[in-house]
Every structure is written in structure tokens, then in C-alpha cells.
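This report refers to the structure that appears directly beneath it.
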Amino acid sequence: MRLWGDDVEVDARIRDFTVGDDRILDHDLIPYDCRASIAHANMLGKVGILTSGEVRKVVAALKALLKKWEAGEFGMRPDHEDCHTAIEEYLTGKLGDVGKKIHTGRSRNDQVLVALRLYGLDALESIDDELQALLDVVRRFAGRHSKVAMPGYTHTRKAMPSSVGMWAGAIADALEDDRVLLATARNLLDQNPLGSGAGYGIPLPLDREMTTRELGFAKVQDNPIYCQHSRGKLEAVVLHALVHVLYDLNRAASDLVLFSMPEFGFFTLPEELCTGSSIMPQKKNPDVLELLRGRFHELLSLEQRLLSIGANLVHGYHRDMQLTKEPFMRGIAVAYDCLYVARSVFEKLEVDRERCKAAMSSELYATEEAYKLVAQGVPFRDAYLQVKKSLKKRGS
């Protein structure tokens, strides 16, 4: 079945090329398409396009389809272009002409938009929960080790005294800021595009406020052209916020890779978080941290893919926008996994207090010595030079 169907037989390779990965990706969009279709059917009933009996039949069929999907009994066949096709075919098969009415007042353009918005909003809620859980773990870790001194570094050289608590607290503060970015992204995504059609509205008296309320959106996305233009853009905004989360996890992972080296020994990863070598029996590799660090670069590239797909397109819908689905959904999955992994690391990370203490060598206190002289009335620059000369004499 093709929603745009006619009797022309499309070349199989052309069909597969244009469908792309939608049959795989759309599996996760089915429940959101069903939710939006239920809201759409209820609205069509209110404006008199469907009778109350027809609405009941459509809603019941969609709920039954959802149960089949949850049980793993509903999916897409090779001849389905996407989940929208599969769902409409199911409704038509169950309800006949009533099922054919569900697409009244919408296009696949706004249909996929609303499904992706609902998917994204749900995903952001789960990600925020996972981010909050990570924050709680990092804050507790910082509190437990607030008095464990460790060197602070600039230019990867010892600089001033710090502590494990201060280091971990910096990560937590960064993640708090990231939650603000995520909330902003969520607010932008929280607009209902359903009813905008292919990008120029629908010549019917649709009640878009009703579907907005029923689907739980904050507001209607009014301009139908911008509904289409925002595809890819808003997904990129979401990934941009997630990029900042992974940026902070990237730097934390880099610290942990360095400071867990035997040459430093400040931190130890338990064996259940490490992997070994196929040739070197002694190896206990921090692969989890290295991959956590690397995922930032993957997510950054996914954001760039989203932005570049829509660039240079004139206004209106283009099939190019189909290509925004995969990086958006992949980016969300990457970010969620990274948050879980980071939480596992901080839950099990061990601190070697003795190695941290042993690393607190005298040159770390040079600035403090200079300020002691300042407190005695010595100009700072003179105090600085005096301490520097003293350190040279001591060979530090």
C-alpha cells in the first residue's frame, strides 16, 4: 500500500532508496503516531467530519493496534513506506471506509512532525530524569570526598591545591547548567504542528487547540510554513543541548582516564567497568571512559548533520527532511546511554586518598606563600618574584 498510490509500479531499488531506514526507525514512532491519530479522530468528530460512532470505532482500533505493538505483534512489511502507511492500512482493513477517513485534515508531513515531537518530548523527560540521577550521584560523590586534597592543574601541570570534592562539584555545576539548556530545548519542541498539513494549512475548520490540549502540547505552532521549516531545526536544538551534556561528560572522562593511570593513581575503576586485552594479560583498560569521551564527537557530528540537511533549501517541504529522522533518534539514544554509563562510573569510582595526599607537593602552595607576603604589606609583584626565586633555589 502507498498513501499516494496509483497503478504505477515503482522500481524496487528506487522504492527502497526513497524509503531508506524509515521501516526500522518508525517502529519506535508507532505509539506516538497512534496517540496523535486518536487526538486527530476526536477532533474530526467535534468538527463534524466523523460521526461519534465512527470516532469510537477509530479510537478503539488504534488502541487495539497499540496493544498489538506493545506485544510485538504489529510492525511494518517491506511494502510499507513508513509507520503512517502501516497504521492507515490496518485501520482500513479493520474498518473499511471509516478507516479511510482518518487522513482527512492532515498530511504525512504534519503526521510525522507531530509523532517526532511527541517522541522527542518523551525522550527529553527520560533524559532529564537520568541527568538528575547522575547529578545526585556526583553531588554525593563530591560530598563524600570534599576534604580529600588533590592537585589542581593548569596546562596539565601542577598549579594550586584543589580537592576531589571541588573537582566533582565542578562537573555537577556544569550539568546543572546543561539542565537549563535542556529545558529551553524542550520548551521549543513543545509546539503542536498537527493540522498544518503539507505546509500551507488545511481548507477545513479544524480545531488545532483541541488536539494541542489532548496531546499535552504547550501551544499550537501557528504558521504552517514554519511547521515544516522547523523540522530538523528543532531537532538540532535538542541535540545541541545534549551536545553540551556530553561535552561535560567528555571532559570528566578525560580527567578520569588521566588520573586513574597508575602514574597518578588518584582514582580506580572497578574491574566490572573495565575491559582487557587480547594479547597483554595485565591490561585493565578504561574503555568505558574512552567511549564516553568519544560519544561527544559522534553527537556533535549528528547535530551538524541535522543543520546541514536543511540548509539552502527554499521554503516548503522537501524530501531531504526525511534524512533528519535518523540523526535525531540516534542522538537521543547516544545521550541517554552516556548518562547511564556516567552514573555507573561515579557510583563505583574509588578514590585513593593516600595517592592524592602524596601528590600534594610543595610547589602547589607557591601562590599561597606569595599572598602571605602580600598580607605583610609586600607588593604582589615583589612577593611573586620572591617566591619564584625561593622555589628555584629549592629546585622545585
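Add 279 to the 1-based position in the sequence shown for the working numbering, that's all there is to it. Glycine included, each C-beta is placed from N, C-alpha and C at the ideal position. Computed from a predicted model, the values in this text were never measured in an experiment.
From residue i to residue j, what does the alpha carbon distance come to, in whole angstroms?
| i | j | result |
| --- | --- | --- |
| Gln363 | Val391 | The question names Gln, but residue 363 is His in the sequence shown. The alpha-carbon atoms of His363 and Val391 are separated by roughly 8 Å. |
| Asp305 | Thr603 | 13 Å |
| Phe538 | Met429 | 10 Å |
| Asp469 | Arg387 | 19 Å |
| Leu664 | Met639 | 22 Å |
| Ile328 | Gly589 | 35 Å |
| Thr463 | Lys636 | 42 Å |
| Asp295 | Pro606 | 19 Å |
| Thr491 | Lys562 | 56 Å |
| Arg598 | Leu528 | 35 Å |
| Trp283 | Ala612 | At Trp283, the pLDDT of 46 sits below 50, so the modelled position is not reliable; the number obtained from the coordinates is stated separately. Whole-angstrom Cα-Cα distance: 32 Å. |
| Ile309 | Ile317 | 12 Å |
| Asp407 | His434 | 33 Å |
| Pro482 | Leu592 | 26 Å |
| Gly378 | Arg302 | 22 Å |
| Tyr369 | Tyr596 | 27 Å |
| Phe420 | Leu494 | 39 Å |
| Glu647 | Pro541 | 29 Å |
| Asp566 | Ser557 | 14 Å |
| Arg314 | Leu345 | 9 Å |
| Pro658 | Ser641 | 23 Å |
Leaving out five residues before and five after residue i in sequence, what residues of the same chain have Cβ atoms less than 7 Å from its Cβ?
| i | result |
| --- | --- |
| Arg418 | Ala451 |
| Val416 | Arg622, Phe625 and Glu626 |
| Ala515 | Glu582, Leu585 and Leu586 |
| Pro472 | Asp389, Leu392, Val393, Arg396, Gln500 and Cys506 |
| Leu525 | Arg574, Phe575, Leu578, Ala614 and Cys617 |
| Ser533 | Arg572 |
| Ala320 | Leu329, Val334, Val337, Val338 and Ile381 |
| Leu400 | Arg465, Leu468 and Asp469 |
| Leu513 | Leu467 and Leu468 |
| Pro503 | Ser475, Gly476, Gly478, Tyr479 and Gly480 |
Cβ of residue i within 8 Å of Cβ of residue j?
| i | j | result |
| --- | --- | --- |
| Gly478 | Gln507 | yes |
| Glu367 | Ile381 | yes |
| Ser442 | Val427 | yes |
| Ala365 | Met355 | yes |
| Thr371 | Leu323 | no |
| Gly511 | Met600 | yes |
| Leu485 | Gly474 | yes |
| His424 | Ala447 | yes |
| Asp457 | His523 | yes |
| Ala662 | Val653 | yes |
| Leu467 | Leu413 | no |
| Val620 | Glu569 | no |
| Lys325 | Met489 | yes |
| Gly476 | Arg385 | yes |
| Leu643 | Pro440 | yes |
| Val517 | Leu403 | yes |
| Tyr398 | Asp307 | yes |
Going by DSSP, which residues form a beta bridge with residue i?
| i | result |
| --- | --- |
| Pro430 | Pro440 |
| Ala630 | With the sequence shown as reference, residue 630 is identified as Val, and Ala is not the correct amino acid for it. Note: Val630 sits in a beta bridge opposite Phe546. |
| Asn564 | Thr554 |
| Gln470 | Lys498 |
Can you list, in chain order, the residues of its chain whose CB lies under 6 Å from that of residue i, leaving out five sequence neighbours each side?
| i | result |
| --- | --- |
| Val289 | none |
| Ala531 | Ile450 |
| Ser509 | none |
| Lys373 | Ala340 |
| Tyr432 | Ala438 |
| Gln655 | none |
Within a Cβ cutoff of 8 Å, which residues of the same chain sit near residue i, ignoring the five residues on either side of it in sequence?
| i | result |
| --- | --- |
| Asp631 | Gly544, Phe545, Phe546 and Thr547 |
| Leu410 | Leu454, Asp457, Arg458, Leu461, Val524 and Leu618 |
| Asp376 | none |
| Cys553 | Lys563, Asn564, Pro565, Asp566 and Val567 |
Start-end ranges of the alpha helix (DSSP H) lying completely within the segment 593-632, minimum 4 residues
DSSP assignment within the segment 593-632 yields the following whole alpha helix (DSSP H) runs of 4 residues or more, N-terminal first: 604-627.
If we require 4 or more residues per run, which alpha helix (DSSP H) segments fall completely within the segment 370-429?
Correct list: 376-379 and 387-423.
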